[in-house]
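**Q** Just add 9 to the spot in the sequence shown (first one is 1) and you have our numbering.
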Amino acid sequence: MEVASQRPEAVNLAMNMWLGVVVFETLHQILNVVMGLLGTAELKEAVKQTMNPQQLETLSDQQLTLLSGIAVVFSGLIALAIVVAIAWTAYIFRNGTKRADGARRFLTVFAVYFALRGLFVFEIATTASLPLPLVLADGIVQLLTAVCAVLAALFGAKKESVEWARAMPAEKP
């Protein structure tokens, strides 16, 4: 932990916040998959509306349910891959390599995304088929993600964080 003591406090605080973002976003994605699997009826109806009647006759209800579940899980895996990319980028920033400044900027873009998504949590209409406590828990997790992301971006934008990220590895204390 010798390197951690040499890092500016703002960088350490930003990393703690990015860790929170990764944890909360992972939890959000898990909840999202669970809610998607619980609410496959709406997804099946959307699929039925887009298919022509001949195609629809070839699929059974079980096949539609299976396809809906696979689609939900696959989209969750893609979202988790993005979370892994955020964690990896935060790791690059934390280590202060020559790519740290680019990583800091990349993370700032994601912080803006999470902040905007946090604002729109209140505008999202839920379906009646999902349990309200599950929807509320997911909304709380999204808000926590947004708060952590904004704080991480603020700590990452502090003067000492920017200087840390821009300094070449040989110049670091």
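Cβ atoms here follow ideal geometry from the backbone N, Cα and C, with glycine treated the same way.
Only a predicted model underlies this, so the values are computations on that prediction, with no experimental measurement involved.
With respect to the alpha helix (DSSP H) encompassing P17, which residues constitute its N-terminal and C-terminal limits?
**A** Taking the sequence shown and counting its residues from 1, one reaches residue 17 at position 8. First-last for P17: undefined, no H or E at that position.
**Q** Using only alpha-carbon positions, find the residue among A174, F164, L125 that is nearest to A155.
**A** Position 146 of the sequence shown, counted from the start, is the residue given in the question as residue 155. For A155, the nearest C-alpha among the options comes from L125.
**Q** Using a threshold of 7 Å, state whether the C-beta atoms of V81 and L28 are closer than that.
**A** Counting from one through the sequence shown, the residue named residue 81 turns up at place 72. Counting from one through the sequence shown, the residue named residue 28 turns up at place 19. No, these two residues do not count as a Cβ contact at 7 Å.
**Q** The alpha helix (DSSP H) that contains E132, what's its start and end?
**A** Numbered from its first residue, the sequence shown carries residue 132 at position 123. First-last for E132: undefined, no H or E at that position.
**Q** I'd like the list of long-range same chain contacts for D110, defined as Cβ closer than 8 Å, with 5 residues on each side in sequence excluded.
**A** As a working note, residue 110 is residue 101 in the sequence shown. Contacts found: V171, A174, R175.
**Q** Which whole-angstrom value describes the C-beta separation of V150 and F33, a residue pair presumed to lie in contact below a C-beta threshold of 8 Å?
**A** As a first step, residue 150 must be located in the sequence shown, where it is residue number 141. As a first step, residue 33 must be located in the sequence shown, where it is residue number 24. Their Cβ separation, rounded to whole angstroms, is 5 Å, which keeps V150 and F33 in contact under 8 Å.
**Q** Which of the three DSSP states is assigned to M44 in this structure?
**A** The residue you call residue 44 lines up with position 35 of the sequence shown. Three-state DSSP puts M44 in a helix.
**Q** Once you ignore the five residues that flank D147 on each side, which residues in its own chain have a CB closer than 8 Å to its CB?
**A** For the purposes of this step, residue 147 is taken as residue 138 along the sequence shown, with counting starting at 1. Contacts found: H37, L40, N41, M44.
**Q** Cα-Cα, which of R113, K53, V31 is closest to L75?
**A** Position 66 of the sequence shown, counted from the first residue, corresponds to residue 75. Per the Cα distances, K53.
**Q** What would DSSP say about M24, mapped onto helix, strand or coil?
**A** As a working mapping, residue 24 is identified with position 15 in the sequence shown. Note: M24 maps to helix in three-state DSSP.
**Q** Can you name the start and end residues of the alpha helix (DSSP H) that T104 belongs to?
**A** Sequence index remark: in the sequence shown, residue 104 carries index 95 (1-based). One detail in the question is off: residue 104 reads as Asn in this sequence, not Thr. Start and end: 70–104.
**Q** Classify E11 as buried or exposed, calling it buried when 16 or more other Cβ atoms lie within 10 Å of its own Cβ.
**A** Taking the first residue of the sequence shown as 1, we reach residue 11 at position 2. With a pLDDT of 45 at E11, under the threshold of 50, the modelled position of this residue cannot be trusted; read the value that follows with caution. When all chains shown are included, E11 counts as exposed.
**Q** Starting from P142, trace the alpha helix (DSSP H) both ways and give me its first and last residue.
**A** As a first step, residue 142 must be located in the sequence shown, where it is residue number 133. It spans 141–165 - the alpha helix (DSSP H) in which P142 sits, taken as one unbroken run.
**Q** Using a Cβ-Cβ cutoff of less than 7 Å, which residues in the same chain neighbour C157 once the five nearest sequence positions on both sides are dropped?
**A** Walking along the sequence shown from the start, residue 157 turns up at place 148. Closer than 7 Å at Cβ, skipping near neighbours: M26, G29, V30, F33.
**Q** Quick check on the DSSP output: the alpha helix (DSSP H) that includes S138 runs from which residue to which?
**A** One-based indexing of the sequence shown puts residue 138 at position 129. Run containing S138: none; DSSP gives neither H nor E here.
**Q** Going by other Cβ atoms of all chains shown within 10 Å of its Cβ, with 16 needed for buried, is T49 buried or exposed?
**A** Counting from 1 along the sequence shown, the entry for residue 49 is found at position 40. With 16 or more Cβ atoms within 10 Å of its Cβ, T49 is classed as buried.
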